[in-house]
Structure formats: C-alpha cells, structure tokens
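**Q**
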Amino acid sequence: MTTADQPFPAEQTLELLPFLRSMDRVHRALQGHDDLEAMLHAAVDVTLDLFGADRAWLAFPGDPAAATWRVPMQSTVVDFPGVPLNVDLPMDEAMAFVMRSLLTVSGPIQFGPGGDLEPPPIPFRHHIQSQLATALRPKVGPAWIFGLHQCGHVRVWNRPEVRLFEEIGRRLTDALTSLLSQRALLESEQRRTVALMAGQMGSWDWDLKAGEWHWDAGQYRIFGVEPESFIPHLENIRPLIHPDDRERVLSYQAPDRTPPPDFPVRSPAPSSAKSNSRIASTPRAWLPGTSI
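Reading the sequence shown from the start, the letters are residues 0 to 291 in numbering that gives the first Met the number 0.
#1: Can you pull the DSSP bridge partners for Phe59?
#2: Sort out for me which residues DSSP pairs His32 with in a bridge.
#3: Phe145 lies in the alpha helix (DSSP H); which residues open and close that run?
#4: Relative to the C-alpha of Gln149, which residue among Gly168, Gly106, Leu171, Ser74 is closest?
#5: Check Leu16 in the structure and name its three-state DSSP category.
#6: On a CA-only basis, which of Ser228, Ala28, Phe59 is nearest Val45? Give me that one, please.
#7: Please return the same chain residues whose Cβ sits closer than 7 angstroms to the Cβ of Glu166, not counting the five positions on each side in sequence.
#8: In terms of residues, what are the limits of the beta strand (DSSP E) holding Ala132?
#9: In three-state terms, what does DSSP make of Arg247?
#10: I think Trp214 touches Leu175, with their Cβ atoms under 8 angstroms apart; what is that distance to the nearest whole Å?
#11: I'd like to know if the segment 34 to 41 and the segment 124 to 131 are in contact, where contact means that at least 3 CB-CB pairs between them fall below 8 angstroms.
#12: List the residues that DSSP assigns as beta-bridge partners of Ile108.
#13: Return helix, strand or coil for Arg301, following the three-state DSSP convention.
#14: For Leu88 versus Thr67, is the C-beta spacing smaller than 8 angstroms?
#15: Report yes if the C-beta distance between Arg170 and Ala58 is below 8 angstroms; otherwise report no.
#16: What are the boundary residues of the alpha helix (DSSP H) that includes Val97?
#17: Report buried or exposed for Leu184, applying the criterion of at least 16 other Cβ atoms within 10 angstroms of its Cβ.
#18: Helix, strand or coil for Arg54? Go by DSSP, reduced to three states.
#19: Mind checking Pro17: buried by the 16 CB within 10 Å criterion, or exposed?
#20: Is DSSP giving Pro159 helix, strand or coil here?
#21: Considering just the uninterrupted stretch of the alpha helix (DSSP H) at Ile221, what are its terminal residues?
#22: Mind checking Gln292: buried by the 16 CB within 10 Å criterion, or exposed?
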C-alpha cells in the first residue's frame with residue numbers, strides 16, 4: 000500500500016480547505032494561458048511552490064525499457080538546477096527502477112528514507128535525497144513521469160500532500176492529452192497537406208445543410224482561382240462546373256441524395272486550371288472530399 004492509498008479519516012476533513020485552495024492555484028495556472036505547453040510549464044512552477052520542493056519535473060517517455068529519457072519541463076530552485084531540457088539521457092538503473100515501480104501502481108510513490116521504496120543509488124550530481132513521483136497516462140502516446148525532488152534534506156510527504164500531488168497529476172494528464180492530441184492533429188494535417196500538394200490534389204468540405212464550402216489551397220489551384228478574391232459559395236462554384244455536370248453534382252445537396260464515393264467532374268475553368276477532376280467523397284451531412 001502506498002502513502003496515497005491510506006484511508007482518509009473523517010476527523011481530518013478540515014484538510015479539505017487548503018487542498019481546495021491549492022487546486023485553485025493549479026486550475027488558474029492551467030487556465031491562464033492559451034498555449035497548452037505554457038499551461039503545463041505554469042502548473043509545474045505552481046507545484047514547486049506549493050510543495051516547497053527543490054525540483055518539479057515531467058519526464059518522457061515513462062518506459063523503463065527505453066534506451067534514453069528526457070525532461071521536457073521542469074522548475075527548480077537556484078541551488079539545485081535540474082538536467083538540461085529536452086536532452087536525451089541514458090536510462091540508468093535508478094531511473095528504470097523508479098519508472099518500473101510507478102507503472103505497477105495507480106498513484107504516487109515516495110522514494111527515499113522513510114518513503115514507500117528505496118531506489119538504487121542515484122547519481123550524486125542530481126543531489127536527490129527524497130523523491131515523490133507518479134506515472135501520468137495520457138490518452139495519446141506513452142506514459143510520462145511527474146515528480147518532485149527534495150535535495151537539501153530528507154523528506155517524507157504527509158498524506159494530504161500526497162493526495163494533492165496525485166490530483167495535480169490527474170490535471171496534468173488531462174492537459175497532456177489535449178497537448179498531444181493537438182500536436183498529433185497538426186502533424187496529420189501537415190502530412191496531408193504535403194501529400195495533396197505532391198499529388199496535385201485539393202481538399203474541400205461541403206456543408207449540405209448550410210450550403211457552405213470550405214477549400215484548401217490545392218482546390219483553389221485546381222480551379223484556377225485565387226483565395227484572396229474567390230469565395231467558395233454555391234453561386235460562385237456553379238460556373239466552375241461544366242454545364243453537362245452541374246445538375247448531377249449540385250443535386251447531391253438534396254437531403255434524399257447520397258453522392259457516390261467517387262465521381263468525375265469537368266470544369267470549363269481557364270487553361271491554368273485542370274479541366275477534368277475526380278471527386279472522392281464520404282456521404283455525411285458535412286461532406287468532405289478530395290479533388291484530383
């Protein structure tokens with residue numbers, strides 16, 4: 000049983016008030032920035048201050064089998080600076096032990112004299128006397144490790160402190176999930192853009208209910224129009240579709256019509272545009288597609 004697993008006696012409910020005040024500071028730190036990475040940095044800074052520790056940090060990946068690990072975010076006191084940020088560090092015996100231990104439980108573990116576990120000797124350059132850490136498991140990617148170091152003296156964190164640390168870890172997990180999901184989406188969009196450009200393709204969305212169209216740069220290029228001057232609206236798009244194809248293509252906005260997954264569209268656009276295209280689509284209320 001770790002420190003965080005111990006029961007919470009009813010007579011100690013007065014501990015709730017400082018807990019809520021502390022979580023309010025964390026909440027304000029997370030809400031005080033538009034940039035998710037800045038939010039995480041702010042929350043780590045607040046954590047260091049709340050616990051009066053010498054170092055608060057996030058490490059990645061939380062995988063003891065990895066060859067290296069790194070610290071993307073940390074906050075330290077002047078006397079005990081941390082490791083360089085975002086530099087790959089070799090996975091030594093002590094860090095692997097910490098990670099393996101944390102991945103077997105659902106809450107924080109105290110490492111050091113009087114704590115839950117005694118890790119192997121930690122390199123002296125880190126000056127770590129006591130450590131409180133927990134594994135963060137965002138919904139995207141591998142686990143992360145969230146930790147506190149006490150370097151100036153041995154420390155055993157009490158039950159309210161461990162519970163506060165655990166709850167901060169949950170908030171950081173949610174923030175990490177948002178940050179990593181956002182990055183994954185951005186990377187996916189970047190790869191998609193590169194693929195569309197390489198294949199001389201364009202991408203578009205057609206809101207069948209509102210009759211609104213949304214084009215990417217490739218779509219404007221295919222039809223030989225400029226995004227600065229051309230608004231993709233039904234009345235503007237109609238002349239770009241060959242007269243023999245207009246009725247068939249535009250009929251798909253009717254609620255009882257489902258477009259086929261792939262259909263040809265000709266364009267009477269200027270010679271700078273492609274005169275023949277194919278539409279790859281998915282039948283939904285919001286109709287996305289790719290023009291080739």
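Where is the CB? At the ideal position from N, CA and C, for every residue including glycine.
**A** Reading from the atomic positions:
#1: By 1-based counting over the sequence shown, the position of residue 59 is 60. DSSP links Phe59 through a beta bridge to Arg69.
#2: Taking the sequence shown and counting its residues from 1, the one referred to as residue 32 is at position 33. Its beta-bridge partners do not exist; DSSP assigns none.
#3: Within the sequence shown, the letter at position 146 stands for residue 145. It is not in any alpha helix (DSSP H) - Phe145 instead sits in the beta strand (DSSP E) that spans 143 to 149.
#4: Taking the sequence shown and counting its residues from 1, one reaches residue 149 at position 150. Selected option, being the one with the closest Cα: Ser74.
#5: The count along the sequence shown starts at 1 and reaches residue 16 at position 17. Residue state, collapsed to three classes: helix.
#6: Position 46 of the sequence shown, counted from the first residue, corresponds to residue 45. With distances taken between Cα atoms, Val45 lies closest to Ala28.
#7: One-based indexing of the sequence shown puts residue 166 at position 167. Result list for Glu166: Met22, in chain order.
#8: Position 133 of the sequence shown, counted from the start, is the residue given in the question as residue 132. Here the beta strand (DSSP E) through Ala132 covers 129 to 135.
#9: As a working note, residue 247 is residue 248 in the sequence shown. In the three-state reduction of the DSSP assignment, Arg247 falls in the helix class.
#10: One-based indexing of the sequence shown puts residue 214 at position 215. One-based indexing of the sequence shown puts residue 175 at position 176. Contact check for Trp214 and Leu175: beta-carbon distance about 34 angstroms, past the 8 angstroms limit, so the pair fails to qualify.
#11: No: the two stretches stay apart, fewer than three of their Cβ pairs being nearer than 8 angstroms.
#12: In the sequence shown, the residue the question calls residue 108 occupies position 109. Partner residues in the beta bridge of Ile108, as assigned by DSSP, are Ala132.
#13: Summary: the structure shown does not reach residue 301, with the chain confined to residues 0 through 291, and so no result is reported for it.
#14: The count along the sequence shown starts at 1 and reaches residue 88 at position 89. The count along the sequence shown starts at 1 and reaches residue 67 at position 68. It is a contact, given that the beta carbons lie within the stated cut-off.
#15: Looking up residue 170 in the sequence shown gives position 171. Looking up residue 58 in the sequence shown gives position 59. Between Arg170 and Ala58, the C-beta spacing is not below 8 angstroms.
#16: For the purposes of this step, residue 97 is taken as residue 98 along the sequence shown, with counting starting at 1. That run of the alpha helix (DSSP H) goes 92 to 102.
#17: Locating residue 184 in the sequence shown gives position 185, counting from the first residue. The residue is exposed, with fewer than 16 neighbouring Cβ atoms inside 10 Å.
#18: Taking the first residue of the sequence shown as 1, we reach residue 54 at position 55. When DSSP states are grouped into helix, strand and coil, Arg54 belongs to the strand group.
#19: Position 18 of the sequence shown, counted from the start, is the residue given in the question as residue 17. Burial check for Pro17: the Cβ neighbour count within 10 Å stays below 16, so the residue is exposed.
#20: Position 160 of the sequence shown, counted from the start, is the residue given in the question as residue 159. DSSP places Pro159 in helix when its eight states are reduced to three.
#21: Here residue 221 corresponds to residue number 222 of the sequence shown, with the count starting at 1. That run of the alpha helix (DSSP H) goes 216 to 221.
#22: Beyond the ends of the chain as shown, which are 0 and 291, falls residue 292; an answer cannot be given.
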